[in-house]
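One structure is given here, and the rest of the page talks about it.
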Amino acid sequence: MKVGAWTWILIGGIFETAWAVTMKYSEGFTQIFWTVITLAFLCCSIYLLNGGMRRGVPVGGGYAVWVGIGAVGSIIMGLILFSESLDIMRLTFAALIIVGIVGVELTCSPEKTNGKTVGKLR
0 MKVGAWTWIL
10 IGGIFETAWA
20 VTMKYSEGFT
30 QIFWTVITLA
40 FLCCSIYLLN
50 GGMRRGVPVG
60 GGYAVWVGIG
70 AVGSIIMGLI
80 LFSESLDIMR
90 LTFAALIIVG
100 IVGVELTCSP
110 EKTNGKTVGK
120 LR
């Protein structure tokens with residue numbers, strides 16, 4: 000089974016969230032175990048972002064989706080794991096991130112890679 004270009008970006012965004020969360024556990028990179036895990040997740044995240052772009056995902060759209068997943072995922076994980084607060088302003092700005100990602104993706108022109116169009120989410 001061939002993994003689609005956007006699948007690489009989506010999984011990379013999940014790793015983006017994971018390294019942000021584990022960085023909190025590393026306590027300023029003073030906890031060696033969590034520091035190593037953070038760096039591993041960070042490397043995986045960037046590798047997956049690169050994998051999506053190599054397969055034809057446009058830089059602007061791919062990066063926006065990757066960062067957006069990381070940002071919104073970090074907010075959600077902060078609520079769940081660290082009892083961070085969620086007020087109307089934070090919710091509004093998280094929604095704006097999502098709207099912005101959708102907007103970038105809708106205006107992102109498809110790229111051709113090996114004769115295949117891959118620039119739009121399917």
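To convert, note that position 15 of the sequence shown is 14 in numbering that gives the first Met the number 0; the numbers rise steadily by one, no gaps. Idealized CB from N, CA, C, for every residue including glycine. Computed from a prediction, not measured in an experiment: that's the story for all the values here.
For residue i, the nearest candidate out of the options (CA to CA)
{"i": "residue 46", "options": "92, 20, 11, 19", "result": "11"}
{"i": "residue 102", "options": "2, 60, 91", "result": "60"}
{"i": "residue 3", "options": "98, 100, 53", "result": "53"}
{"i": "residue 79", "options": "49, 16, 43", "result": "16"}
{"i": "residue 95", "options": "30, 77, 63, 44", "result": "63"}
Neighbourhood of residue i by C-beta, 7 Å cutoff - its chain only, sequence neighbours within 5 removed
{"i": "residue 93", "result": "71, 74"}
CB contact flag (residue i, residue j, <8 Å)
{"i": "residue 51", "j": "residue 8", "result": "yes"}
{"i": "residue 14", "j": "residue 40", "result": "yes"}
{"i": "residue 34", "j": "residue 28", "result": "yes"}
Beta-carbon contacts of residue i that lie in its chain and below 8 Å, excluding the five residues immediately before and after
{"i": "residue 86", "result": "none"}
Neighbourhood of residue i by C-beta distance below 6 Å, restricted to the same chain and skipping five residues each side
{"i": "residue 25", "result": "33, 34, 37"}
{"i": "residue 48", "result": "11, 65"}
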